[in-house]
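Novice: As given, the protein sequences belong to chains W and G, one line each in that order. Sequential numbering from 1 applies to the first sequence in the working numbering. Sequential numbering from 77 applies to the second sequence in the working numbering.
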Amino acid sequence: MDPKAAALIAAGFCMGVGAIGPGIAIGNLVGKALEGIARQPEAGGQIQTAMFIGIAFAEAISLYALVVAFLLIFVA
Amino acid sequence: MEVLEHFHQKVIIPLKIGSFDISITNLTVSMFLGVGIFIILLLVLAARPKVIPGKRQVVIEILINFIKKGIVYNMIGPKEGDKWFPLVAGVFVFILANNMIGLIPGTYTPTANPIVPLVIALIIFFTVHITNLAKNGIKGYLRTYAPSIVPSWMYVIVVPIEAIGAIAKPFSLFIRLMANMLAGHTILYVILGLIIYFKSYFVAIAAVPFALAMTILELFVGAIQAYVFAILVALYIGEAVHPKH
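Printed below as a string of structure tokens:
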């Protein structure tokens, strides 16, 4: 197979598969945060803050996959 | 490809000192514009402070309380926190200003170019390790890689993992910031570029509201990334200053 074509297919797979994990993680996180706020609305501010930090960490993983996809498209 | 146009800077005023190229590019202009606007704003809001704050002073007090009590005291503790507050506040405001300036059409986002977050991450890396060495001595520094909770036969596994972690933590700081900023601009570019690619105006009916939603998300993501960077800096410094082993 033409190496450029293989690199493009791999880039598509990379980003597609690499978005599954963070999607599940962020969904779980926000769900648990909503449960926590519903149980004790006074702790809402702290729970929201911790949720945002967790989302930023999970998002970073999907961006590693994006960087690999960019490398495959433009440098290979 | 024009998608990665952000990696190529346009030189506006070429300057050279010896063989160092310090020309004024659009990155320089955007960075000075963003930080300059923020500095002027902060100076105007904090002028003539009084004990009972007026409306303008309250904004500064909210910002400083947010960074001091929300980030620094949470992660480092009240006594040591006062020494590290300038660094964390500087990192937070610098990254916030540089993220926000990219939202104005026609400017450049300095934090989307790999150099700017890389340098900030390197500064944090050296700060954390040198602080660890200076405060805890050589034995204390090596204790970070071999915590006492771990039984000694597991050192073969734990020490390489901790060593890789020491490199991976600043690297992930750098990649997180750069990739978040770059991804936002790339999505905007692609969505609005569809109008030009299909050469018809009907695509604009769907594309422009989506681009508007993405721009508002960009605002949000820029602020969150600055906050996460600052809180991770405070966390790493807190680990270096108060090691738990």
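For glycine and all other residues, C-beta sits at the position ideal for the given N, C-alpha and C.
Which runs of the alpha helix (DSSP H), 4 residues or longer, sit entirely within the stretch 114-147 of chain G?
Specialist: Runs found: 131-141.
Novice: Could you tell me the distance, in whole angstroms, from the CA atom of A5 (chain W) to the CA atom of M257 (chain G)?
Specialist: Roughly 28 Å between the two C-alpha positions.
Novice: Just how far apart, CA to CA, sit I138 (chain G) and F96 (chain G)?
Specialist: Rounded to the nearest angstrom, the two C-alpha atoms are 42 Å apart.
Novice: Going by beta-carbon coordinates alone, are A283 (chain G) and L268 (chain G) separated by less than 8 Å?
Specialist: A contact, by the Cβ cut-off of 8 Å.
Novice: Under the rule that 16 or more other beta-carbon atoms within 10 Å means buried, what is V252 (chain G), buried or exposed?
Specialist: What sits at residue 252 (chain G) in the sequence shown is Arg, not Val. Burial call: buried.
Novice: Leaving out five residues on either side along the sequence, give the residues of the same chain with a beta carbon under 6 Å from the beta carbon of A316 (chain G).
Specialist: Only V204, T207 and N208 meet the Cβ criterion.
Novice: Quick one: which chain G residues come within Cβ less than 9 Å of L63 (chain W)?
Specialist: What L63 (chain W) touches in chain G: I251, R252, M254, A255, N256, L258 and A259.
Novice: I want to verify the contact list: residues of chain G whose CB lies under 7 Å from the CB of V75 (chain W), in sequence order.
Specialist: What V75 (chain W) touches in chain G: nothing, since even the nearest Cβ is about 11 Å away.
Novice: Please list, in chain order, all residues of the same chain as A222 (chain G) whose beta carbon is under 7 Å from its beta carbon, the five residues on each side excluded.
Specialist: Excluding residues within five positions, the ones whose Cβ falls inside 7 Å are Y231, V234 and V235.
Novice: Please state the DSSP three-state secondary structure of I214 (chain G).
Specialist: In this structure, I214 (chain G) counts as helix in the three-state DSSP scheme.
Novice: Pick from W:A76, W:F74, W:A69 and W:F52: whose alpha carbon is nearest that of A25 (chain W)?
Specialist: Among W:A76, W:F74, W:A69 and W:F52, the Cα nearest to that of A25 (chain W) belongs to W:F52.
Novice: Rounded C-beta distance between L288 (chain G) and V279 (chain G)? I'm assuming under 8 Å.
Specialist: In fact, because the Cβ distance is near 15 Å, the residues do not count as touching under 8 Å.
Novice: Assuming contact is defined by CB atoms lying nearer than 8 Å, are A58 (chain W) and Q301 (chain G) in contact in what I supplied?
Specialist: No, they are not a contact pair.
Novice: Under a three-way DSSP split, which group does K92 (chain G) fall into?
Specialist: K92 (chain G): strand per DSSP, three-state reduction.
Novice: May I have the straight-line CA-CA distance separating V134 (chain G) from V68 (chain W), to the nearest angstrom?
Specialist: When rounded, the distance between both Cα atoms is 45 Å.
Novice: How many Å lie between L249 (chain G) and A197 (chain G) at the Cα?
Specialist: Computed Cα separation, rounded: 6 Å.
Novice: Can you say whether Y277 (chain G) is buried or exposed, counting buried as having 16 or more other CB atoms within 10 angstroms of its CB?
Specialist: Under this definition Y277 (chain G) is an exposed residue.
Novice: What residues of chain W sit near V304 (chain G), judged by a beta carbon separation below 7 Å?
Specialist: Within 7 Å Cβ-Cβ: I53 and A56.
Novice: Taking the DSSP output, what are the residues bridged to T101 (chain G)?
Specialist: Bridge partners of T101 (chain G): G:V87.
Novice: Interface residues of chain W around I328 (chain G) at Cβ under 8 Å?
Specialist: Nothing can be reported for residue 328 (chain G): it is not among the residues displayed for chain G, which extend from 77 to 321.
Novice: At least one CB of chain W closer than 8 Å to the CB of Q85 (chain G): is that the case?
Specialist: So, not an interface residue.
Novice: So the alpha helix (DSSP H) Y149 (chain G) belongs to, where does it begin and stop?
Specialist: Y149 to I152 is the extent of the alpha helix (DSSP H) around Y149 (chain G).
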